[in-house]
């Protein structure tokens with residue numbers, strides 16, 4: 001073989017490799033299809049928050065155990081991209097879609113396109129608004145917010161609070177806030193004690209750095225006014241982490257109560273170390289496995305209400321602006337240092353060694 005011919009073959013092979021990498025990595029789609037069985041499409045918004053990769057793994061494990069294959073795509077926070085990914089999975093033969101949306105309004109496009117092909121859609125942990133959504137499976141998100149505020153009220157029974165919301169585009173952030181306010185209003189009525197809400201901002205995203213900047217600005221403002229902050233009701237662990245970073249800069253970490261949610265490892269470590277007051281643990285294995293079973297049954301032709309009844313779950317409905325969507329609400333779990341080993345660790349969500357990595361052995365409980 002001539003040197004020039006060999007060089008041409010190598011160049012052609014190199015081009016094929018590059019094109020293959022580009023075509024596979026552009027929208028982070030993956031997964032095997034199985035033309036002989038049910039194919040489920042799983043559309044994740046991101047893997048940026050610690051829990052989401054676990055949700056995906058639990059979902060795939062359960063779907064496979066039921067004989068279904070899973071095609072996956074991660075949109076990296078881009079709803080337009082996710083909408084295109086949905087079309088791609090439908091073209092590849094998805095029999096049902098399970099969606100964690102970024103934008104709860106524009107994600108409705110997924111349902112429209114799916115229904116045109118006769119494919120049902122499950123909204124996973126985030127409601128999709130203003131569309132003919134088939135079913136919504138989530139945790140009781142208003143109760144999450146209620147538990148967050150209730151836990152902080154037990155720690156700080158009177159004083160000045162900041163309510164730090166999540167992404168303004170996420171309906172869950174609104175539900176968390178509703179639960180938080182319900183707990184505060186009930187507490188005020190029952191005790192007569194004064195809880196002053198100094199600020200209640202929402203963020204653009206569930207972003208740690210944005211939360212840090214927002215809390216840093218508020219701390220500077222209230223310090224200049226001579227106003228003391230006693231508690232921050234942060235709506236998830238990422239925003240709690242940002243708030244605590246801002247508190248550390250002012251030597252206030254551990255002195256101001258902070259809530260969270262998701263039982264991220266870093267948050268659980270902060271809880272046992274004393275800089276975060278509580279987190280809310282949502283057993284996502286149960287959520288993911290239930291979503292896989294629901295998607296499979298819908299793909300086989302069952303109606304949403306029938307599926308909920310067959311699972312032995314209580315049937316709820318939630319108004320998404322277009323219809324009352326059949327919904328399942330799972331129970332969240334309140335976690336502090338006192339019950340960490342009985343909840344997060346006992347459930348193998350995190351190991352004791354990792355949670356208490358920075359706590360001397362004699363101080364663990």
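Numbering (the numbering used here), first residue to last: 1 to 365. Where a beta carbon is used, it is the ideal one built from N, C-alpha and C, also for glycine. This structure is a prediction, so every number in the text was calculated from the model and none was measured.
In this structure, the CA atom of residue 89 is about 25 Å from the CA atom of residue 328. The beta carbons of residue 133 and residue 167 sit no closer together than 8 Å. Taking a 10 Å sphere around the C-beta of residue 209, we find fewer than 16 other C-beta atoms and assign the residue as exposed. DSSP places residue 194 in the coil class of the three-state scheme, outside both helix and strand. Distance from residue 205 to residue 273 at the Cβ level is roughly 26 Å; contact not present, criterion being Cβ atoms closer than 8 Å.
The Cβ atoms of residue 280 and residue 147 lie closer than 8 Å to each other. Judged by DSSP secondary structure, residue 160 falls within the beta strand (DSSP E) whose first and last residues are 159–164. A direct Cα-Cα distance of roughly 6 Å separates residue 332 from residue 144. CA-to-CA, the gap between residue 237 and residue 363 works out to about 23 Å. Annotation: residue 107 to residue 360 spans about 47 Å, alpha carbon to alpha carbon. Between the region 333–341 and the region 300–316, the count of C-beta pairs closer than 8 Å stays below three; the two stretches do not touch. Membership of residue 306 in any beta strand (DSSP E) is not indicated; the residue belongs instead to the alpha helix (DSSP H) covering 304–310.
Residue burial is scored here from C-beta neighbours: residue 323 has fewer than 16 other C-beta atoms within 10 angstroms and is therefore classed as exposed. Linking residue 116 to residue 109 through their CA atoms gives a straight-line distance of about 11 Å. When C-beta atoms of the region 258–276 are compared with those of the region 285–304, fewer than three pairs fall below 8 Å, so the two segments do not count as touching. Taken through DSSP and simplified to helix, strand or coil, residue 147 comes out as helix. When the alpha-carbon of residue 239 is set against those of 39, 38, 48, the nearest one is in 48. According to DSSP, residue 335 shares a beta bridge with 279.
Distance check between residue 221 and each of 250, 194, 149 places 250 closest, using alpha-carbon atoms only. The region 76–94 makes contact with the region 38–52, as at least three CB pairs between them are under 8 Å. For residue 352 and residue 268, the gap between their C-alpha atoms comes out near 10 Å. Shown here for residue 216: same chain residues with a beta carbon closer than 6 Å to its own, the five before and five after excluded, namely 246 in chain order. Taking all protein chains shown into account, residue 73 has 16 or more neighbouring C-beta atoms within 10 Å of its C-beta and is therefore buried. In the displayed model, residue 119 falls within coil according to three-state DSSP, outside both helix and strand.
In the DSSP assignment, residue 71 falls within the beta strand (DSSP E) that extends over 69–74. Beta-bridge pairing by DSSP links residue 232 to 162, 258. Shown here, residue 96 sits in a strand according to DSSP, grouped into three states. The C-beta of residue 235 has 16 or more other C-beta atoms within 10 Å across all chains shown, which makes the residue buried. A direct Cα-Cα distance of roughly 6 Å separates residue 99 from residue 124.
Looking only at 62, 128, 243, the smallest Cα-Cα distance to residue 212 is reached by 243.
Here residue 342 is exposed: its Cβ has fewer than 16 other Cβ atoms, across all protein chains shown, within 10 Å. Taking the Cα positions, residue 253 is about 21 Å away from residue 354. Taking each of 156, 95, 70 in turn and checking the Cα distance to residue 256, the smallest one comes out for 156. Secondary structure at residue 294: helix, using DSSP grouped into helix, strand and coil. The Cβ atoms of residue 179 and residue 154 do not sit closer than 8 Å to each other.
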